[in-house]
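**Student:** Residue 4 is where the first sequence starts when you use our numbering, and the numbers rise one by one after that.
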Amino acid sequence: MLIQVSDIARYEGQEVTLRGWLYNRTDKGRLQFLLVRDGSGVAQCVAFKKELPPEVFEIAQTLTQESSVIVTGVVRADERAPGYPGGFEVGITGLELVQMAGEYPIQPKDHGVEFLMDNRHLWVRSSRQWAILRIRATIIHTIRTWLDDHGYLLVDTPILTPAAGENTTTLFEIDYFGQPAYLAQTGQLYNEANIGSFGKVYCFGPTFRAEKSKTRRHLMEFWMVEPEMAFFSLEDLMDMEEQFVSAIVQSVLEKHRMELDILERDTTRLETVTAPFYRISYDEAVERLQQLAAETDDPERKAELAITWGDDFGAPHETAVAEMFDKPVFVYHYPTAAKAFYMQPVEGRPESCRSVDLLAPEGYGEITGGSERIYDADLLKQRIDEIGISPENYAWYLDLRKYGSVPHAGFGLGLERTVAWICGLPHIRETVPYARMLNRLYP
RNA sequence: UCCUGAGUAGCUCAACGGCAGAGCAUCCGGCUGUUAACCGGAGGGUUGUAGGUUCGAAUCCUACCUCAGGAGCCA
C-alpha cells in the first residue's frame, strides 16, 4: 500500500510502499541504511543483503544522495530509527530505482550562504528549509482563515499600478505600453476604496520595494497582508492586531512542534504570545530609550541609542524597545513628519499622528505598521499639497472622502518577518522559497 | 550609497614570504544497527581578476569584481 511517511506509525507490521528521494545513506557492508524523503517526512529504510535478491541489494548499495526511488517494505517500531517523525523504519523487501542522481552538491554539513543561495532550487530539499516553508504555509493559511472567519473579505489589489503608493524612489518602474507603471508596494489605497463596498477587507500578495537595503530584514519582493476597516479607531486596530497575531503564533505551535524542533526554536518564547500585548506611546518609548542611553557606559552603544523627539526609530532603537518586554509591544502616536501623508493627526496635537507599529520580541523588529487614515477631504488635500505629490494622481483617492467618508484604519503585516520571528531565523532569506535581494535574482 | 570583513579542490577550511594541504563529497576495498557512521586506498588546483614589489607571492602593495555582516530606508 502506498503511504506517506508522515503516517508511518499507523502501518506498523504492514507492508507499505514509499516514493521519494534518498536523503542520506549509511553503508555498513551487508547492511544499508537509507534515509528516504517523500515530502511529508523522512523515514529510515533498512536493506539486509541476506533478505534480498542480489540485484535489489545492489541498488541499495549504490544509490547516490537524492536519487529517486520506490521502496517497499514492512514497517516496524524501533526507537533507534532517525527521521521525521522517526521511531519507525521500513525493512526493505523491494526497491526500484527511478533515477540515479548525479553528484549532489549539497551535503548534510555546513555550507556557505552564497553557495546555498546559488543552489536554492536544491536547498529547499534540506530539512531546515523543509520545516521553514511548511511553517510559512501554515502562517499564510491562518492569516486567510482568521480574517475570513472574522468578517474580512479578500479583495485583491493590483500589482501593476499607475502611481506611487508612498515614495517614488523605492518603486520598480516598468514599461506599460510606453507609459511608466510601477510594481505595487502597497494595496492600501485600493483597500480604502474597497471598504466603501465591503466594510472590512484585506489584500494579501507580493509587494515590491526597490530599496537598496542589504540587511537581514529586507527583501525586494515580499508578501504583505493588509487589512483595512471602516469605522475603526487606532484602539480598535490594536485590539484586532493582537488577536490576529496571537492566532498566527498559536496555530504554528499547535501544528508544527516537529518543525520547530528541527529548527531548534525555543518555543517558550512563543507560548507567551497571547493577547493583550503591551502598548506604549512613541513619547514614552523615546523617554525609555533616552534613559537607557544615559545608563550605559559604552560610548558606541550610547551613540547607537541616541534619539531626540521627532526622529524615526532605527533598527537598534526598535530592538532595544522590544527587549524591554517579554511579548510583542505596540508603539503608537509617532511624529507626523516621520510617517506617511495619509495618517490622521492626533486631536489637538498635529505633530503626532494616529499610527501604530508592532515590534516583535527577540530583535525581530517591526512586523506590522498601521494607522488611522485621514478621512476629511480638505485635510487630506492639504497634506498632499504639503508633501508636494501630484494631486491628479490621487484624484480617485480624494474622491473617497467625498462620498460617505468614515473614520477608518488599517495595517500591513510583513509575512517574511513574521516567519523569521516565529521560526527564530537569523536572516529573512530563508523565509521565502526564492528570495529576491539586492544581489540575488537567481534562481 | 557608506563602514567592516572575506574570496585557496565540487563543498567547509588550513598553509600568512620558501615543495599547494586536510576533512567531507566522488571512485575502489572492508564492516549486520548506522544517526553528518567508521577504517584503508585513489583521482581532484590558473589560490576571484588585472597590475606591482621581490631571487621567490596564496601570503606584501594598488585597482577592480563578487559575497557576507552592519548603517541608512522600510514590512
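The beta-carbon is built from N, C-alpha and C at its ideal position, and this holds for glycine as well. Computed from a prediction, not measured in an experiment: that's the story for all the values here.
Using the Cα positions of residue 131 and residue 353, report the straight-line distance between them to the nearest angstrom.
**Tutor:** 48 Å
**Student:** Return the first residue and the last residue of the alpha helix (DSSP H) that residue 125 is part of.
**Tutor:** Residues 123-126.
**Student:** Apply the 10 Å Cβ neighbour rule to residue 358 and answer buried if 16 or more other Cβ atoms are within range, or exposed otherwise.
**Tutor:** It is buried - the Cβ of residue 358 has at least 16 other Cβ atoms within 10 Å.
**Student:** Is the beta carbon of residue 423 closer than 7 Å to that of residue 266?
**Tutor:** No, these two residues do not count as a Cβ contact at 7 Å.
**Student:** Within this structure, are the beta carbons of residue 116 and residue 71 separated by less than 7 Å?
**Tutor:** no
**Student:** Going by C-alpha distance, which of 18, 4, 317, 60 is nearest residue 447?
**Tutor:** Lying before the first or after the last residue shown, residue 447 is absent from the chain, which here runs from 4 to 446.
**Student:** List the DSSP bridge partners of residue 75.
**Tutor:** 20, 97
**Student:** Using the Cα positions of residue 294 and residue 360, report the straight-line distance between them to the nearest angstrom.
**Tutor:** 21 Å
**Student:** Tell me the DSSP bridge mates of residue 179?
**Tutor:** 182
**Student:** Using the rule of at least 16 other Cβ atoms within 10 Å of the residue's Cβ for burial, across every protein chain shown, is residue 445 buried or exposed?
**Tutor:** exposed
**Student:** At the level of alpha carbons, what is the spacing between residue 502 and residue 96?
**Tutor:** Any property of residue 502 remains undetermined from this structure, which presents the chain solely from 4 to 446.
**Student:** Is there contact here, the stretch 14-29 with the stretch 234-242, by at least three beta-carbon pairs under 8 Å?
**Tutor:** no
**Student:** Can you tell me whether residue 119 sits near the ligand SAH, meaning its C-beta is under 6 Å from at least one heavy atom of the ligand?
**Tutor:** Absence of the ligand SAH from the depicted structure is noted, as is the absence of any ligand whatsoever, leaving it without description.
**Student:** Mind reading off the beta-carbon distance from residue 373 to residue 413? Whole number of angstroms is fine, and I expect it under 8 Å.
**Tutor:** 6 Å
**Student:** Go through its chain and collect everything with a Cβ distance to residue 512's Cβ below 6 Å, but skip five positions before and after it.
**Tutor:** In this structure the chain extends from 4 to 446, so residue 512 is not present and cannot be described.
**Student:** Report the three-state DSSP secondary structure of residue 442 (helix, strand or coil).
**Tutor:** coil
**Student:** For the alpha helix (DSSP H) holding residue 192, just list the boundary residues, first then last.
**Tutor:** 191-201
**Student:** Here's a check: name, in chain order, each residue in its chain whose Cβ is nearer than 6 Å to the Cβ of residue 342, leaving out the five neighbours to either side.
**Tutor:** 356, 358
**Student:** Quick check on residue 277: does DSSP put it in helix, strand or coil?
**Tutor:** Shown here, residue 277 sits in coil according to DSSP, grouped into three states, outside any helix or strand.
**Student:** For residue 69 and residue 85, I'd like the C-alpha separation in whole angstroms.
**Tutor:** 17 Å
**Student:** Taking the alpha helix (DSSP H) that residue 237 belongs to, which residues open and close that run?
**Tutor:** 237-258
**Student:** Who are the Cβ neighbours of residue 305 in its own chain at under 7 Å, not counting the five residues just before and after it?
**Tutor:** 296, 299
**Student:** For residue 387, report the span of its beta strand (DSSP E) as first-last.
**Tutor:** Unbroken run through residue 387 is the alpha helix (DSSP H), 380-390; no beta strand (DSSP E).
**Student:** Could you spell out where the beta strand (DSSP E) holding residue 375 opens and where it closes?
**Tutor:** It spans 368-376 - the beta strand (DSSP E) in which residue 375 sits, taken as one unbroken run.
**Student:** Alpha helix (DSSP H) containing residue 130: first to last residue?
**Tutor:** Run containing residue 130: 130-152, per the alpha helix (DSSP H) assignment.
**Student:** Please classify residue 13 as buried or exposed, where buried requires at least 16 neighbouring CB atoms within 10 angstroms.
**Tutor:** exposed
**Student:** Residue range of the alpha helix (DSSP H) that residue 303 falls in?
**Tutor:** 302-308
**Student:** Which residue wins for smallest C-alpha separation from residue 440, given the options 425, 419, 427, 426?
**Tutor:** 419
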